[in-house]
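Notes to accompany the following structure.
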Amino acid sequence: TSISHNNICLLSLYISLNGIWKLGNFECACRYDNLTKKYLSSLKMIRAEECITPEENEKDSTDFDKEEIYAIDVYAFGTLIRHLMTIVNVDGKRFYFLVVSIKKR
Numbered sequence: 005t006s007i008s009h010n011n012i013c014l015l016s017l018y019i020s021l022n023g024i025w026k027l028g029n030f031e032c033a034c035r036y037d038n039l040t041k042k043y044l045s046s047l048k049m050i051r052a053e054e055c056i057t058p059e060e061n062e063k064d065s066t067d068f069d070k071e072e073i074y075a076i077d078v079y080a081f082g083t084l085i086r087h088l089m090t091i092v093n094v095d096g097k098r099f100y101f102l103v104v105s106i107k108k109r
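Quick look at the structure:
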């Protein structure tokens, strides 16, 4: 364990025909021990823009707080779920639906 995926986004999800979700595309992954802003900066061309945390663009610090380094993937996962959610207003109340379409070949 102790690995950061660093690119959790829609293109990293695979959903089988029987509904099983799998995470793929581990080309940006690394151990937490090796995770630095310099490393992530070298991957910006291949990472999904929506999974890049605001902290990565801060100029005032050179590294991440090792106690909260997991937040990079948590942020990306939350952004992914937000993109998958559909908001429907019914009688002034908001309802959120997770929308996934699976096409059979």
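Just so we're aligned: the sequence shown equals residues 5 to 109 in the working numbering.
All C-beta atoms in this analysis are idealised placements derived from N, C-alpha and C, irrespective of residue type, glycine included.
Query                                                                                                                                                     : Result
Within a Cβ cutoff of 6 Å, which residues of the same chain sit near His9, ignoring the five residues on either side of it in sequence?                   : Ala33 and Asp77
Roughly how many angstroms lie between the CA atoms of Thr83 and Glu54, to the nearest whole one?                                                         : 7 Å
Give me the Cβ distance between Leu39 and Asn29, rounded to the nearest whole Å; I'm assuming they're in contact under 8 Å.                               : Wrong, their Cβ atoms sit about 17 Å apart, outside the cutoff.
Do the CB positions of Trp79 and Thr57 come within less than 7 Å of each other?                                                                           : The identity of residue 79 in the sequence shown is Tyr, whereas the question assumes Trp. In contact: Tyr79 and Thr57 (Cβ atoms closer than 7 Å).
Going along the chain, which residues of its own chain have a beta-carbon closer than 8 Å to the beta-carbon of Asp37, five neighbours each way excluded? : Ser6
Can you tell which of His87, Glu59 and Arg86 has its C-alpha closest to the C-alpha of Tyr74?                                                             : Glu59
If I measure Cβ to Cβ from Leu47 and keep anything under 6 Å in the same chain, skipping five residues before and after, which residues do I get?         : Cys32
Can you list, in chain order, the stretches of the beta strand (DSSP E) that have 3 or more residues and sit fully within the segment 72 to 97?           : 89 to 94
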